[in-house]
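Sequences listed follow chains R and Z, in order.
Read in this note's numbering, the first sequence has 213 at position 213, and its numbers run on one by one without any break.
To get this note's numbering, take the position in the second sequence, counting from 1, and add 1000.
Encoded as structure tokens, the structure appears first; notes follow it.
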Amino acid sequence: MSWEAPVLEVDPLLDDPKTRIIVCCGSGGVGKTTTAAALGVRAAERGRRTVVLTIDPARRLAQSMGLTHLDNTPRKVAGIDESAGGGLHAMMLDMKRTFDEIVEQHADPARAQAILDNPFYQSLSAGFAGTQEYMAMEKLGQLRARDEWDLIIVDTPPSRSALDFLDAPKRLGSFLDGKFIKMLMAPAKAGGRAGMMFLNVGMSMMTGALSKVVGAHLLQDVQTFVAAMDTMFGGFRTRADATYRLLQAPGTAFLVVAAPERDALREASYFVERLAAEDMPLAGLVLNRVHGSGAAGLTAERALAAAEALEELAEANGGAEAADPPVEGKDDGESPTPVPIQVIDDSENLPHRSIVDRDSGKPDSEPPAESLAVGLLRLHAERMQVVARERRTRDRFASVHPEVPVAEVAALPGDVHDLDGLRVVGERLAEGQPTAA
Amino acid sequence: MSAQQRAVQEPATPGPPARFHIVTGKGGTGKTTVAASLALALAGEGRRTLLVEVEGRQGIAQLFEAEPLPYEERKIAVAPGGGEVYALAIDPELALLDYLDMFYKLGRAGRALKKIGAIDFATTIAPGLRDVLLTGKACEAVRRKDKAGWRSYDAVVMDAPPTGRITRFLNVNDEVAGLARFGPIYNQAQAVMRVLKSSETAVHLVTLLEEMPVQETVDGVAELRAAGLPVGAAVINMLRPVVLDDVAVASAGDGNRRAAIARALSQAGLGGARRGGHAERLVDPLLEQAREHAERVVLERQERAEIAALGLPTYELELLGDGVDVGGLYRLAESLRKQGFAREEAR
């Protein structure tokens, strides 16, 4: 039984002036960035002033939007049809730059410099797992605050797990509010108070243990850093919370992006549940790279059986006189000349059978129609197996999450690296159903 | 395999065998599957391998259809010929406590540190430290010997972070350099780095024959080489069979051939070949699929050339039609063995 999920209507979502933020999330390698970019192009050409915030896009995809390097500012994308009154900007997130800017904005110059020069800060801003997620949130908050765009489309970082993006503000918060930070700052703050005596003994034991492990100078770096950042911590926390609430607000729509594969959909499932738990508004699932067939009526089994029948026929004839075609197909003209077909037979899905040697263009031979037909039928059988497998995977998701609207995007044979390619993806997204491929 | 094996190159220099195999690749290329197959392939002939994961995704357990892995080395599979595969999900927090315990006998103080959030701080916030712990734990397993002086594992295979992050992940030295110029973390990073840069280690890159994964592989190899990390093999994963190539498909397009194909389909019992007949109506959609297929074949040929230009030993793994299950892992492991992976890369 095939479970029909409601269709995700992309155009109404893009057109609705109340939609202000679209967040694309999902596991790596499912076409998240492409989806975000395609949505951006489509929204812009449908009249919305749109900005796409991408994180580490593939080079050629970035080039398709005119982004050649990280510069952390939205750049206008050329080649967009602006006749409907919209426009497109795009930017790549530079997390270190974003972090530096926050420091520069929120601390006086001397203090800012002290922070920027701190070795601990330097590694933290460039490296720590989570900085990227947090900075993406920060940037989103900034873009929203500028209010120059009707619609912000965010591509989430390729996290090790889907959860990191949502966790970033909380993680930062719990870090900043943690006892550990308080303890690190205590030597500077608590000096001399008698009531702190007991606590201080405990702490010096702790810091003693810590210095032993991480080294005293590192601990010192951290302490200096924490002290310098002290005044800014409140601000971080406040903004992280504000962005988090912004994500929960009605103007935000989350799109979970996946491919019709088991792992990607498992991750998508996880994400759908997580968004619900966090009260984040889910608009639906974008299922990329879905295969269809223009000859869906012909099952894989029949196609394979037909291919085998043709091969047997060819073998039986052994290059001799052609057999008469079946009555139905009897027609005038020359009858086909079967030629032995070099198909390595196996009815299963095993690889490496091939009727053509891919390295030689074999100029002498036009493959006989029968062997072409066998190839076509085998290809079709394979396609139908893919279609069936994808449907099973998709149905499993749909039965667990029957309420989640789905837009299916038909697979493209190649990669997308220009605006036209993005337009095609946008159209397919808007159709919501894979066109017969 | 025959058609595929021609593409496989011999490794340039058969140096000392790698024992620490780090498997990376773009997201979605099947890193975990390849790492697991490799661990199985290397566990032949009574050998013992350890498969580790570092990103807390429990991908190994899912793949082997097992319960989530604890922070503990446990046997997860038996290889043909009596070998054993052990698996370990390295948790950075527990690795830190482990480390504290091992080197500083900090059992209780360690727990106290955990309580106040220092462990949490160290493993999630402190940059580089987390990676030192993860790679450090794996290196420890590579080096470990039992009381009789035998290696605990013949090989260790790591399901590592994706290509985009792998160099930074492995280059722990640089990461902690700004932080720790001396002291215990610095020493630990040095020790880890020595193992990682030695000929005992090989970083393998998994790719598909698609543009973005290949581009990432090419970039990743350049980054690894620049950082002085030993690049191992390229593994082309999820390879689909070539049924019809562009030449064949181009020849199928013209009018006469279409009629002949329709007749052939009809002969195969798929209905009438006349215009409007059932077989005739199949020709267009089938040819359309063939054109897509051919386009992909051409693209794959270009991508394969890019991989070949890297000059790495290259291995190829078929696409498993119905997704990867345990049986599929054994098939992939067998395929790697047949292509000589266990021999060339590890022996």
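Each residue gets a CB set at the ideal place from its N, CA and C atoms; glycine is no exception.
* Relative to the alpha-carbon of Leu-1042 (chain Z), which residue among Z:Ser-1266, Z:Val-1085, Z:Thr-1033 and Z:Ala-1189 has its alpha-carbon at the smallest distance? -> Taking the first residue of the second sequence as 1, we reach residue 1042 (chain Z) at position 42. The candidate whose alpha carbon is nearest that of Leu-1042 (chain Z) is Z:Val-1085.
* To do: List the DSSP bridge partners of Cys-25 (chain R).
  => Along the first sequence, read from residue 1 onward, the residue named residue 25 (chain R) stands at position 25. R:Val-256, per the DSSP bridge assignment.
* Could you give the DSSP three-state label for Arg-75 (chain R): helix, strand or coil? => In the first sequence, counting from the first residue as 1, residue 75 (chain R) sits at position 75. Three-state DSSP puts Arg-75 (chain R) in a strand.
* **Simplified DSSP assignment, three categories, for Thr-68 (chain R)** => As a working note, residue 68 (chain R) is residue 68 in the first sequence. Residue state, collapsed to three classes: coil.
* Asked: Any idea what DSSP makes of Asp-11 (chain R), helix, strand or coil?
  -> Position 11 of the first sequence, counting from 1, holds the residue named residue 11 (chain R). In this structure, DSSP gives Asp-11 (chain R) a helical state, which the three-state scheme calls helix.
* Does the stretch 48 to 62 of chain R come close enough to the stretch 264 to 282 of chain R to have 3 or more Cβ pairs within less than 8 Å? -> Touching, no, given that fewer than three Cβ pairs across the two stretches are closer than 8 Å.
* 8 Å Cβ cutoff met for Thr-1024 (chain Z) and Pro-1230 (chain Z) -> The residue you call residue 1024 (chain Z) lines up with position 24 of the second sequence. The residue you call residue 1230 (chain Z) lines up with position 230 of the second sequence. Pairing Thr-1024 (chain Z) with Pro-1230 (chain Z) gives a Cβ-Cβ distance that is not under 8 Å.
* Which value, in whole angstroms, describes the spacing of the CA atoms of Gln-1190 (chain Z) and Gly-1327 (chain Z)? -> As a first step, residue 1190 (chain Z) must be located in the second sequence, where it is residue number 190. As a first step, residue 1327 (chain Z) must be located in the second sequence, where it is residue number 327. Gln-1190 (chain Z) and Gly-1327 (chain Z) have their C-alpha atoms some 40 Å from each other.
* Would you please verify whether the beta carbon of Ala-369 (chain R) is less than 8 Å from any beta carbon of chain Z? => Here the question's residue 369 (chain R) lines up with position 369 in the first sequence. So, interface residue.
* Once you ignore the five residues that flank Gly-1044 (chain Z) on each side, which residues in its own chain have a CB closer than 8 Å to its CB? -> Within the second sequence, numbered from 1, the residue matching residue 1044 (chain Z) stands at position 44. Cβ neighbours of Gly-1044 (chain Z) beyond the five flanking positions: Ala-1079, Pro-1080, Gly-1081, Gly-1083, Arg-1337 and Ala-1342.
* **Whole-number beta carbon distance between Val-1142 (chain Z) and Val-1156 (chain Z), since they are thought to touch under 8 Å** => The residue you call residue 1156 (chain Z) lines up with position 156 of the second sequence. The residue you call residue 1142 (chain Z) lines up with position 142 of the second sequence. About 5 Å separates the two Cβ atoms, so the contact holds.
* **Uninterrupted beta strand (DSSP E) stretches inside the stretch 1180 to 1263 of chain Z (no shorter than 3 residues)** => As summarised for the stretch 1180 to 1263 of chain Z, the continuous beta strand (DSSP E) elements at least 3 residues long and confined to that stretch are 1201 to 1207 and 1231 to 1239, given in chain order.
* Asked: Excluding five sequence neighbours on each side, which residues of the same chain lie with their C-beta closer than 7 Å to the C-beta of Leu-310 (chain R)?
  -> The residue labelled residue 310 (chain R) in the question sits at position 310 within the first sequence. If we look at Leu-310 (chain R) and ignore the five residues flanking it on each side, its Cβ neighbours are Glu-370, Ala-373 and Val-374.
* If you compare alpha carbons, which of R:Gln-223, R:Gly-31, R:Gln-113 and R:Arg-262 is closest to Glu-390 (chain R)? -> Taking the first sequence and counting its residues from 1, the one referred to as residue 390 (chain R) is at position 390. Nearest option by C-alpha distance: R:Arg-262.
* chain R residues whose Cβ lies nearer than 9 Å to that of Arg-1296 (chain Z) -> One-based indexing of the second sequence puts residue 1296 (chain Z) at position 296. Going along chain R in sequence order, the residues near Arg-1296 (chain Z) (Cβ under 9 Å) are Pro-413 and Gly-414.
* Asked: With C-beta atoms as the reference, is Gly-1295 (chain Z) less than 8 Å away from Gly-31 (chain R)?
  -> For this step, residue 1295 (chain Z) is matched to residue 295 along the second sequence. For this step, residue 31 (chain R) is matched to residue 31 along the first sequence. At residue 1295 (chain Z) the sequence reads Glu, which differs from the Gly that was named. For the pair Glu-1295 (chain Z) and Gly-31 (chain R), the CB atoms are not nearer than the 8 Å cut-off.
* Asked: Roughly how many angstroms lie between the CA atoms of Ala-1260 (chain Z) and Gln-1267 (chain Z), to the nearest whole one?
  -> Numbered from 1 along the second sequence, position 260 holds the residue referred to as residue 1260 (chain Z). Numbered from 1 along the second sequence, position 267 holds the residue referred to as residue 1267 (chain Z). Rounded to the nearest angstrom, the two C-alpha atoms are 10 Å apart.
* **For Gly-85 (chain R), the three-state DSSP class (helix, strand or coil)** => Numbered from 1 along the first sequence, position 85 holds the residue referred to as residue 85 (chain R). Three-state result, Gly-85 (chain R): coil.
* Cβ-based burial, Asn-288 (chain R) [other Cβ within 10 Å; buried from 16] -> Here residue 288 (chain R) corresponds to residue number 288 of the first sequence, with the count starting at 1. Asn-288 (chain R) counts as buried, since no fewer than 16 other beta carbons sit within 10 angstroms of its beta carbon.
* Asked: Based on Cα-Cα distance, which residue from Z:His-1293, Z:Ala-1333, Z:Arg-1194 and Z:Leu-1320 lies nearest to Leu-376 (chain R)?
  -> Taking the first residue of the first sequence as position 1, residue 376 (chain R) is located at position 376. Relative to the Cα of Leu-376 (chain R), the nearest Cα in the group Z:His-1293, Z:Ala-1333, Z:Arg-1194 and Z:Leu-1320 belongs to Z:His-1293.
* Asked: Which residue's Cα is closest to the Cα of Asp-100 (chain R): R:Ala-84, R:Ala-276, R:Arg-20 and R:Leu-124?
  -> What you label residue 100 (chain R) is simply residue 100 of the first sequence in a count that begins at 1. Comparing Cα positions, the closest option is R:Leu-124.
* Asked: By Cβ distance below 7 Å, which residues in the same chain neighbour Leu-298 (chain R) in space, the five residues on each side in sequence not counted?
  -> Mapped onto the first sequence, residue 298 (chain R) falls at position 298. Here the set comprises His-380.
* Could one say the Cβ of Ala-1252 (chain Z) lies closer than 8 Å to chain R's Cβ atoms, at least one of them? -> In the second sequence, residue 1252 (chain Z) corresponds to position 252, counting from 1. Contacts with chain R at 8 Å (Cβ-Cβ) include Ala-1252 (chain Z).
* Taking the alpha carbon of Gly-1311 (chain Z) as the point to measure from, which residue in Z:Leu-1205, Z:Val-1247 and Z:Gly-1323 has its own alpha carbon closest? -> In the second sequence, counting from the first residue as 1, residue 1311 (chain Z) sits at position 311. Checking every option, the nearest Cα to that of Gly-1311 (chain Z) belongs to Z:Leu-1205.
* Does the distance from the C-beta atom of Gly-1056 (chain Z) to that of Asp-1091 (chain Z) stay below 8 Å? -> In the second sequence, counting from the first residue as 1, residue 1056 (chain Z) sits at position 56. In the second sequence, counting from the first residue as 1, residue 1091 (chain Z) sits at position 91. In this structure, Gly-1056 (chain Z) lies near Asp-1091 (chain Z), with their beta-carbon atoms less than 8 Å apart.
* To do: With DSSP collapsed to three states, give me the class of Glu-408 (chain R).
  => Numbered from its first residue, the first sequence carries residue 408 (chain R) at position 408. Secondary structure at Glu-408 (chain R): strand, using DSSP grouped into helix, strand and coil.
* To do: Could you confirm whether any beta carbon from chain Z is found closer than 8 Å to the beta carbon of Leu-422 (chain R)?
  => For the purposes of this step, residue 422 (chain R) is taken as residue 422 along the first sequence, with counting starting at 1. At a cut-off of 8 Å between beta-carbon atoms, Leu-422 (chain R) makes no contact with chain Z.
* Asked: Listing by chain order, which chain R residues have their CB less than 7 Å from the CB of His-1021 (chain Z)?
  -> On the second sequence, residue 1021 (chain Z) is found 21 positions in, with the first residue counted as 1. In chain order: nothing, as chain R lies at least about 20 Å away.
* For Ser-64 (chain R) and chain Z, any beta-carbon pair shorter than 8 Å? -> Looking up residue 64 (chain R) in the first sequence gives position 64. The C-beta of Ser-64 (chain R) comes no closer than 8 Å to any C-beta of chain Z.
* So is Val-1235 (chain Z) in contact with chain R if we call contact Cβ pairs under 8 Å? -> Here the question's residue 1235 (chain Z) lines up with position 235 in the second sequence. Closer than 8 Å: no.
* **Residue burial classification, Ser-1199 (chain Z) (beta-carbon count within 10 angstroms, cutoff 16)** => Stepping through the second sequence from its first residue, residue 1199 (chain Z) is reached at position 199. Around the beta-carbon of Ser-1199 (chain Z), fewer than 16 other beta-carbon atoms lie within 10 Å, marking it exposed.
* Hey, how far is the Cα of Leu-1170 (chain Z) from the Cα of Leu-1051 (chain Z)? -> Looking up residue 1170 (chain Z) in the second sequence gives position 170. Looking up residue 1051 (chain Z) in the second sequence gives position 51. Looking at the two C-alpha atoms, the distance is approximately 17 Å.
* Asked: At a Cβ threshold of 8 Å, is Ala-188 (chain R) touching chain Z?
  -> Counting from one through the first sequence, the residue named residue 188 (chain R) turns up at place 188. Because Ala-188 (chain R) carries a pLDDT of 47, less than 50, the predicted location of this residue cannot be relied on, and the following value inherits that uncertainty. Not one chain Z Cβ lies under 8 Å of Ala-188 (chain R).
* chain Z contact residues for Gly-26 (chain R), given Cβ-Cβ distances below 7 Å -> In the first sequence, residue 26 (chain R) corresponds to position 26, counting from 1. Listed along chain Z, no residue sits closer than 7 Å to Gly-26 (chain R) by beta-carbon distance, the nearest being about 10 Å off.
* Asked: On the three-state DSSP scale, how would you describe Met-91 (chain R)?
  -> Taking the first sequence and counting its residues from 1, one reaches residue 91 (chain R) at position 91. It is a strand residue.
* Going by the beta-carbon positions, is the gap between Ala-90 (chain R) and Leu-67 (chain R) smaller than 8 Å? -> Residue mapping note: residue 90 (chain R) aligns to position 90 of the first sequence, counting from 1. Residue mapping note: residue 67 (chain R) aligns to position 67 of the first sequence, counting from 1. Yes. Within cutoff.
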